Structure formats: C-alpha cells, structure tokens
Amino acid sequence: MTEEIIYLRLLNGEQLIGKLVDETIEDLLVEDIMSIEMTWKPSGSSVSFVRWLPFTDETLHPITKVNVITKSSVRETVIDYYNYCNDLYHKHVEDMISEDVNYSHHKLDMIEKEEKIAPHDEMETARRLLAFSNTTIH
C-alpha cells in the first residue's frame, strides 16, 4: 500500500490527520497522527496540528474503524502544513520533552535527597513535584 496522508473524523468528535500505512478489515494503521484543533474568534479562525499521543515513543497506531465516522483524502496545502508540523515536532518538541523529563527527574532527586536530610510529609513532597513538573509545551 502506498503511504497517503488521510483525514479522519472519529465518533468522539476528534479530527485527525496522519499517514495511512496499512488498512485491515477492522483497523486503520496510521503513523505520525496529529489532532486538528480549530479555533474560531471574532477576529478570525485558526487551525493547529497537535501531536495526538505526544508522550509515547510509538509513532504507529491502530485506529479501529468502528470509531471512524469518515476517512478522506487531504488537500495538497494541508499536506504541506502537516509535513511542516510533523518535521517541527520531530526536530524540536521531542528534544524539549526529553529536557523537561530530565529536569523533572533531577528535581525529584533533589527532593528525595532533601527528604533524607529533613523529611517532609507526603503531601508536601507531592506538591513540590507537581510544581516542578507542571509545564506546558506550545
């Protein structure tokens, strides 16, 4: 099967775009899936592609066909934007996630060392860890 970029609308309302790698009777095997987020404001509208499952190393995901309302082809300009967003994700965001995870582990180690010197209650430790790991990736 030739790899093609497809647009999916799921039963739960999600809109996805990704590379169709294979199709069985029950599933679509899709790679590098991005969720399509649309925003409408009085000043105009915008479309964003966001990694569908950003915290996994897997890039290939089966989507059960019973959860798909529609599957269609994608305009060339949208494919170009998808490829741009996908490349950007692989080049930059993965590095940022790794750095953030390493930073959180470092802070957790610091908290554990601090607890050995001056023990804190479990709620305080949880609050500190949450404060160090509460980051938003744009």
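Here the sequence shown stands for residues 1 to 138, where the numbers follow our numbering.
We treat Cβ as the ideally placed atom computed from N, Cα and C, and that holds for glycine.
This structure is a prediction, so every number in the text was calculated from the model and none was measured.
Residue i versus residue j - alpha carbon distance
i	j	result
D80	K19	13 angstroms
E3	L11	24 angstroms
E26	S43	42 angstroms
T64	L28	6 angstroms
I36	T24	24 angstroms
L88	V47	16 angstroms
C142	V50	The chain is shown from 1 up to 138; residue 142 falls before or after that span and cannot be answered.
D57	L16	18 angstroms
N83	V68	23 angstroms
L53	V21	17 angstroms
F55	P62	16 angstroms
W40	V66	29 angstroms
Cβ pair residue i, residue j closer than 8 angstroms
i	j	result
M34	S45	no
I6	K91	no
E31	T59	yes
Strand pairing of residue i, partner residues [DSSP]
i	result
Y7	I17, S72
V30	L20, H61
K41	G44
F139	The question about residue 139 has no answer here: the residues shown for the chain are numbered 1 through 138.
V50	S35
Same chain, Cβ closer than 6 angstroms to residue i, neighbours up to 5 away in sequence not counted
i	result
V74	I5, Y7
Neighbourhood of residue i by C-beta, 7 angstroms cutoff - its chain only, sequence neighbours within 5 removed
i	result
E14	S35
Other residues of its chain near residue i: CB distance less than 8 angstroms, five sequence neighbours each side excluded
i	result
I117	Caution is warranted here: a pLDDT of 46 is assigned to I117, below 50, making its placement in the model unreliable, and the coordinate value is therefore given only provisionally. None.
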